[in-house]
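Peer 1: For any residue, its number in my numbering is found by taking its place in the sequence shown, counting from 1, and adding 74. Pasting a structure below so you can have a look.
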Amino acid sequence: MAVTVYLNLIETDWLGLVGVAVSSRGLLCLGLDVKSRQDFLFANQNFADGVFVFSETETELFTAQIQSYLAGELRSFSLPIDWSVYTPFQQAVLKETQRIPYGETRSYGQIAAAIARPRAARAVGQAEKRNQTPLVIPCHRVVGSDGSLTGYSGGEGVELKARIIAFEQSNRG
Numbered sequence: 075m076a077v078t079v080y081l082n083l084i085e086t087d088w089l090g091l092v093g094v095a096v097s098s099r100g101l102l103c104l105g106l107d108v109k110s111r112q113d114f115l116f117a118n119q120n121f122a123d124g125v126f127v128f129s130e131t132e133t134e135l136f137t138a139q140i141q142s143y144l145a146g147e148l149r150s151f152s153l154p155i156d157w158s159v160y161t162p163f164q165q166a167v168l169k170e171t172q173r174i175p176y177g178e179t180r181s182y183g184q185i186a187a188a189i190a191r192p193r194a195a196r197a198v199g200q201a202e203k204r205n206q207t208p209l210v211i212p213c214h215r216v217v218g219s220d221g222s223l224t225g226y227s228g229g230e231g232v233e234l235k236a237r238i239i240a241f242e243q244s245n246r247g
């Protein structure tokens, strides 16, 4: 039986077009550098098996929270995540990443230590790289041990990571 994945696009002021993909288990993918409806559909078809349908109704809970976050009104998401696309190690890393408070950062080493794998900082980086739901799982809040903004696979790379961190820090008030 094919899984239905519901898709939607959000036009934002400062991130451009953001794509949302939702399965029956929860948020499957959040695309930050979406060029078009067709590109987002194609990217999701390559990422997961299923039947893909654009639906405002089926994605409403998700788009509402994401829009609220992007407006600086929401600091913590309460959305279900479809964890089925991650290994147990990736799940541990990404669940720990979800615990990083809004506007704060942690190092890859701190995440590794928090999941009882203190020598796995590089593996943590690889797990963060595979995060399909940036912003909701805030991998932008994970930085190098010296505080440097290392790697970010969303859109414009490290420049986007810096913009998102600055956005959060300016809205912490």
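By construction, the Cβ of each residue, glycine as well, lies at the ideal position given by its N, Cα and C atoms.
Using DSSP bridges, identify the partner residues of glycine 105.
Peer 2: Here residue 105 corresponds to residue number 31 of the sequence shown, with the count starting at 1. In DSSP, glycine 105 forms a bridge with Gly93.
Peer 1: Which runs of the alpha helix (DSSP H) fall wholly inside the segment 111 to 181 and span at least 4 residues, in chain order?
Peer 2: 111 to 121, 130 to 144 and 162 to 172
Peer 1: Between the Cα of tyrosine 80 and the Cα atoms of Thr86, Asp107, Lys109 and Ala122, which residue gives the shortest distance?
Peer 2: Counting from 1 along the sequence shown, the entry for residue 80 is found at position 6. Of the candidates Thr86, Asp107, Lys109 and Ala122, the one whose C-alpha sits nearest the C-alpha of tyrosine 80 is Ala122.
Peer 1: How would you label arginine 196, buried or exposed, when you count the other beta carbons within 10 angstroms and need 16 or more for buried?
Peer 2: Within the sequence shown, numbered from 1, the residue matching residue 196 stands at position 122. Exposed, since its Cβ has fewer than 16 Cβ neighbours within 10 Å.
Peer 1: Tell me the DSSP secondary structure of isoleucine 211 in three-state form.
Peer 2: To locate residue 211, count along the sequence shown from 1; it is residue 137. Note: isoleucine 211 maps to coil in three-state DSSP.
Peer 1: Work out the CA separation of asparagine 245 and tyrosine 160 for me, nearest whole Å.
Peer 2: Counting from 1 along the sequence shown, the entry for residue 160 is found at position 86. Counting from 1 along the sequence shown, the entry for residue 245 is found at position 171. Note on geometry: alpha-carbon atoms of tyrosine 160 and asparagine 245 lie some 31 angstroms from one another.
Peer 1: Taking 8 angstroms as the threshold, find out whether the segment 140 to 150 comes into contact with the segment 83 to 96 through three or more Cβ pairs.
Peer 2: yes
Peer 1: Please name the residue in Ser110, Arg215 and Gly90 whose C-alpha comes closest to that of glutamine 243.
Peer 2: As a first step, residue 243 must be located in the sequence shown, where it is residue number 169. It is Arg215.
Peer 1: Just to confirm before moving on: does the CB-CB distance between tyrosine 254 and serine 219 stay below 9 angstroms?
Peer 2: Given that the chain is displayed from residue 75 to residue 247, the structure contains no residue 254 and the question cannot be resolved.
Peer 1: Can you give the Cα-Cα distance for arginine 180 and isoleucine 174, rounded to whole angstroms?
Peer 2: In the sequence shown, the residue the question calls residue 180 occupies position 106. In the sequence shown, the residue the question calls residue 174 occupies position 100. Going from the Cα of arginine 180 to the Cα of isoleucine 174 covers about 7 angstroms.
Peer 1: What residue range does the beta strand (DSSP E) around isoleucine 84 cover?
Peer 2: To locate residue 84, count along the sequence shown from 1; it is residue 10. Segment 78 to 85, the beta strand (DSSP E) holding isoleucine 84.
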